[in-house]
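To start, the structure itself, in C-alpha cells.
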Amino acid sequence: LRNVPSVEVDVQGNVSLRGDSNVTILIDGKPSGMFNGDNRADALQSLPADQIDRVEVMTNPSAAYRPDGSGGVINLVTKKTQKPGVTGTMRANIGTDGRYNGGISATRREGKVTLSGDASYRYDRQEVTSIVDRQSLSATGATVLDADQTAEVLNKGGALSLRTGIDYDLDKKTRLSAELRYRGMDYDGDGRETYLSRNGAGVTQQAYLRDSAGVMIRDNSAIAGDYRRQFTGAGHELTSRAEYEITRFKRSGDAFADYSAGPSDFYEAYSFGSEQKRANWKLDYTKPLANQSKLKTGLDFEGADNDYNNYGSRGATLAGQTVDPARTNRFTYDQDVFAAYVTYERPFGDLTVQTGLRAEQVEIRTDQITTGQKGSNDYLRLYPTLNAGYRLNDANSLSAGFSRRVARPGPQDLNPYPIYQDPYNFRAGNPNLKPQVTDSFELGWQYRKGPTTYLATAFYRDTRDGVTDVVKDLGGGVFLTTRENLAKSRNGGLEFVVVGRLTPKLTYNVSGQAFWNEIDAASLGFTGKRSDTSLAGRANLNYQATPKDFFQINAFTSGRRITPQGYREPFEMINLGYRRKVNDKLNFVVTVNDVVDSFKIAGVTNTARLSDRNETKVNVRTAFIGFSYAFGGGKPRPEQFDFSTGGPN
Numbered sequence: 028l029r030n031v032p033s034v035e036v037d038v039q040g041n042v043s044l045r046g047d048s049n050v051t052i053l054i055d056g057k058p059s060g061m062f063n064g065d066n067r068a069d070a071l072q073s074l075p076a077d078q079i080d081r082v083e084v085m086t087n088p089s090a091a092y093r094p095d096g097s098g099g100v101i102n103l104v105t106k107k108t109q110k111p112g113v114t115g116t117m118r119a120n121i122g123t124d125g126r127y128n129g130g131i132s133a134t135r136r137e138g139k140v141t142l143s144g145d146a147s148y149r150y151d152r153q154e155v156t157s158i159v160d161r162q163s164l165s166a167t168g169a170t171v172l173d174a175d176q177t178a179e180v181l182n183k184g185g186a187l188s189l190r191t192g193i194d195y196d197l198d199k200k201t202r203l204s205a206e207l208r209y210r211g212m213d214y215d216g217d218g219r220e221t222y223l224s225r226n227g228a229g230v231t232q233q234a235y236l237r238d239s240a241g242v243m244i245r246d247n248s249a250i251a252g253d254y255r256r257q258f259t260g261a262g263h264e265l266t267s268r269a270e271y272e273i274t275r276f277k278r279s280g281d282a283f284a285d286y287s288a289g290p291s292d293f294y295e296a297y298s299f300g301s302e303q304k305r306a307n308w309k310l311d312y313t314k315p316l317a318n319q320s321k322l323k324t325g326l327d328f329e330g331a332d333n334d335y336n337n338y339g340s341r342g343a344t345l346a347g348q349t350v351d352p353a354r355t356n357r358f359t360y361d362q363d364v365f366a367a368y369v370t371y372e373r374p375f376g377d378l379t380v381q382t383g384l385r386a387e388q389v390e391i392r393t394d395q396i397t398t399g400q401k402g403s404n405d406y407l408r409l410y411p412t413l414n415a416g417y418r419l420n421d422a423n424s425l426s427a428g429f430s431r432r433v434a435r436p437g438p439q440d441l442n443p444y445p446i447y448q449d450p451y452n453f454r455a456g457n458p459n460l461k462p463q464v465t466d467s468f469e470l471g472w473q474y475r476k477g478p479t480t481y482l483a484t485a486f487y488r489d490t491r492d493g494v495t496d497v498v499k500d501l502g503g504g505v506f507l508t509t510r511e512n513l514a515k516s517r518n519g520g521l522e523f524v525v526v527g528r529l530t531p532k533l534t535y536n537v538s539g540q541a542f543w544n545e546i547d548a549a550s551l552g553f554t555g556k557r558s559d560t561s562l563a564g565r566a567n568l569n570y571q572a573t574p575k576d577f578f579q580i581n582a583f584t585s586g587r588r589i590t591p592q593g594y595r596e597p598f599e600m601i602n603l604g605y606r607r608k609v610n611d612k613l614n615f616v617v618t619v620n621d622v623v624d625s626f627k628i629a630g631v632t633n634t635a636r637l638s639d640r641n642e643t644k645v646n647v648r649t650a651f652i653g654f655s656y657a658f659g660g661g662k663p664r665p666e667q668f669d670f671s672t673g674g675p676n
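Numbering (our numbering), first residue to last: 28 to 676.
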C-alpha cells in the first residue's frame, strides 16, 4: 500500500486516503469483518502481501459499492489463475530480530472444477516506545500540573492465514463457488511504564514504575458462497453472494505499579474481549442496453452483532484484588443495513457518463448493560453518485466524479463507559454521535503515451458531523479521551502522479499531494475556524541492472496535519529492495525497511487548559532475505516488494 499513490500508512499500520483515515478496505470487491473496528491495522498487516495481485483505489466509487468510508475504497484484488492443471508459489523470508514469514498458494483446475488454497504464517517482534509530555494549565495559563510518561513494550508473536475455495461450473454460463477463510493472531507483550508528575512549583506529586505482561488474540473465521449466471450478450449477468463470519478478540494481562511518591502500590489485572458476528447477502444484476449503455441494480443486506466484555481487578496484594468498576462493563451493539441501488452508464461519443443512486435503511441498537443505558438510531439515507470520462485524443483524457459518503461511528465509539488505559488515561465513547457525511468532488486529467503517464487530480470534500478524538482533563493528572462530532470541516487539494523511464534500465514512479484542510470546531467550545496546508509525496526509483538483477528505492513523506485540538507531526520513511532472478521459477529477494530509522508518529494537543505531545516509535527498521518459487505450469510475475512492518500496536 505504501507504493500506491493517494494512500498513506502510518507507523501503526493505519491507512489513509488523501489524508482521510475513514477508508473502506475490500478483498476482491467484498467487505470483511477483519478490517472493521479498532484492530483493523493489525489485521491488515497480517495479510500476506504476495497474495495480492493489485490494489484498486476508488475515491468516488459508484452506487454499487457501499458508501462507507468518507475517504473512499481500497480494493485488494487477490491472485487467480485460469490455466488448467496445478500452479502455485512457495515463499519464505527471514529477517532481523528473529522475524520470519512464509507461505504457499496453489490452484488446481480440471474441467469444471477449480480448487484453490493459501496458507501463510508471519512471526514478528516489535519494540514500541511511547513518550507523553503533558501540562495542565490554569485559567490564566499557568502550569498547575506537569507530567511525563514513558512506556516501552515488547510485542512478539505470529499471524496465521488459511483459505480454501472451490469453483464449480454447472455449465458454460453458470458457476457456483464456496470459500472457507481463517486468520488468527496471537501476540505476547511485556511492558514497562514510568510516570512522574509535578505541581506548578515543581514539587513531585506522583511517581511510579509499572511493569505489565499480557497477551492479544484475534481470530477471524468466515464461510461464503457465490452464484453467477451469465445470459446472452456480453456483460449480461446475475450474481449473488452470502457470507457469515465471526471475529473474536481478547487482550488480557497483569501489572504491578510501584509508587515512589503518591498513592500506595497496587496489583491489577485486565481483560478486554469482543465477539463480532456479521452476516451479508448481496444480489447484483447487470444488463447491457441500447446505444452501448449498461444498467446495474442490486440489493445488499448486512447484519452485525457485537458483544464487548471488559473486566478489571485491583488490590494491594496479588491475591487481594477485587473487581475494579472503572474497568468492568459489558456493551452490545447491533446494526442492520438494508440497501438497494441502481447505476446507469452510457457513452455519448467520446463522453461516457455513469450515474447512480443508493438507498440505505440503517437500524442500530446499543445496550450498555452495566449501567443500563440503552439507545437506538434508525435512519434512511440516499447516496447519489456521478462519474464521467471524456477522451480528448489517444493520449489525453479527462474525468470527473461525485459521491456522497458516510462514516458511521464504530461500536466502541458509542460505548459511554470509560475504558481504563493506564492509571492516568481513560477512553470513552459517545452514544450521541451522529454518522459523518461527506460530499466528495474531483476533476482529473490523464496523459498516457509509451512508457510515460501523467495524472493530475483536483479534489474537494465537504464534511458535516465529522467524528474526532477530544481530550478532557478530569483533574489530578487523569485525562479522558472521548469522541465528538465536529460542526463542519472542508478539505481539498491537488495530486500529481508521474510514471516514466529515464533510461532503458531506469524507471520512476513519483506522486505528490498538496492539501488544504479547514475545521470548524465551534460545537466543541473552540472559537473560530482552523485551517492549514500540508504536503505529502512518495517516489519509487527502479533499476533493472541486468535481466536478472532488479533494485528499488522506495520513499514517502507526509506533512503536518491539523486536528481539532492541535496537529499531527510529519513522518517519513525510506526502503530498499533487491530481487535476483535465478530462473523462470526461482527468485531471491532482499528488503530493508526504514533505512535511516526515521519512522515515528507524534500528535500535539494545544488548548487553553491542556498542552500535550504524544510520540510513538516502533522499531520498523528491519532487513529480510528470502525466496519465492513457482511450481506447476506458471511463471512467477514480478511482485511489489513487501515493505510491511507487521505486528500489533
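Virtual Cβ for every residue (Gly too), placed ideally from N, Cα, C.
Keep in mind the model is a prediction, meaning the values are calculated, not measured.
Alpha-carbon to alpha-carbon, residue j and residue i
i                 : j              : result
valine 433        : alanine 415    : 22 Å
tyrosine 594      : valine 84      : 26 Å
glutamate 469     : alanine 251    : 35 Å
glycine 260       : valine 525     : 38 Å
alanine 650       : asparagine 404 : 49 Å
asparagine 544    : glycine 520    : 9 Å
phenylalanine 375 : serine 426     : 14 Å
asparagine 87     : tyrosine 312   : 21 Å
glutamine 571     : asparagine 620 : 20 Å
glutamate 264     : lysine 57      : 18 Å
phenylalanine 429 : threonine 167  : 47 Å
alanine 563       : threonine 584  : 6 Å
proline 675       : asparagine 307 : Because the pLDDT of proline 675 is 45, which lies under 50, any placement of that residue in the model is unreliable, and the number read from its coordinates should be weighed accordingly. Roughly 28 Å between the two C-alpha positions.
valine 647        : glutamate 220  : 21 Å
arginine 25       : leucine 197    : With the chain covering 28 to 676 only, the question about residue 25 has no answer from this structure.
tyrosine 410      : alanine 485    : 22 Å
alanine 566       : glycine 586    : 15 Å
phenylalanine 626 : valine 36      : 11 Å
glutamate 154     : leucine 181    : 5 Å
alanine 629       : proline 462    : 27 Å
Residue interval of the alpha helix (DSSP H) (run including residue i)
i             : result
serine 316    : One point to set straight first is that residue 316 is leucine, not serine, in the sequence displayed. Unbroken run through leucine 316: none, as it is neither H nor E.
glutamine 439 : 438 to 441
Coarse secondary structure for residue i, derived from DSSP in three states
i              : result
leucine 236    : strand
threonine 123  : helix
proline 531    : coil
arginine 91    : Checking the displayed sequence, the identity of residue 91 turns out to be alanine instead of arginine. In the structure shown, alanine 91 sits in coil (DSSP, three-state: anything other than H, G, I, E or B).
proline 352    : helix
serine 291     : coil
isoleucine 396 : coil
valine 526     : strand
asparagine 420 : coil
glutamate 302  : strand
leucine 413    : strand
tyrosine 451   : coil
aspartate 80   : strand
glutamine 571  : strand
serine 143     : strand
glutamate 270  : strand
aspartate 611  : coil
threonine 618  : strand
arginine 136   : strand
valine 623     : coil
CB-CB length for residue i against residue j, believed under 8 Å
i             : j                 : result
tyrosine 447  : tyrosine 335      : No, tyrosine 447 and tyrosine 335 are not in contact; Cβ-Cβ is about 14 Å, not under 8 Å.
serine 97     : threonine 370     : Serine 97 to threonine 370, Cβ: 20 Å. No contact.
leucine 187   : glycine 211       : 5 Å
glutamine 388 : phenylalanine 365 : 4 Å
glycine 539   : glutamine 579     : The pair is not a contact, with the Cβ atoms about 19 Å apart (cut-off 8 Å).
Start-to-end residues for the beta strand (DSSP E) that takes in residue i
i              : result
alanine 366    : 356 to 375
alanine 205    : 201 to 226
threonine 105  : 99 to 105
leucine 28     : Unbroken run through leucine 28: none, as it is neither H nor E.
tyrosine 335   : 321 to 342
lysine 461     : It is not in any beta strand (DSSP E) - lysine 461 carries neither H nor E in the DSSP assignment.
tyrosine 605   : 598 to 608
asparagine 641 : 637 to 645
Near the ligand ATP: residue i beta-carbon under 7 Å from a heavy atom
i          : result
serine 147 : Ligands in the displayed structure: none, and consequently the ligand ATP is not present.
Task: Touching by the beta-carbon criterion (3+ pairs, under 8 Å), the segment 277 to 288 and the segment 305 to 324 - done: Taking 8 Å as the limit for Cβ pairs, the verdict is that the segment 305 to 324 does not touch the segment 277 to 288.
Open item on the list: Could you check whether the segment 490 to 501 touches the segment 509 to 518, counting it as contact only if at least three pairs of C-beta atoms, one from each stretch, sit closer than 8 Å?
Closed with: Yes, since at least three Cβ pairs between the segment 490 to 501 and the segment 509 to 518 fall closer than 8 Å, the two stretches touch.
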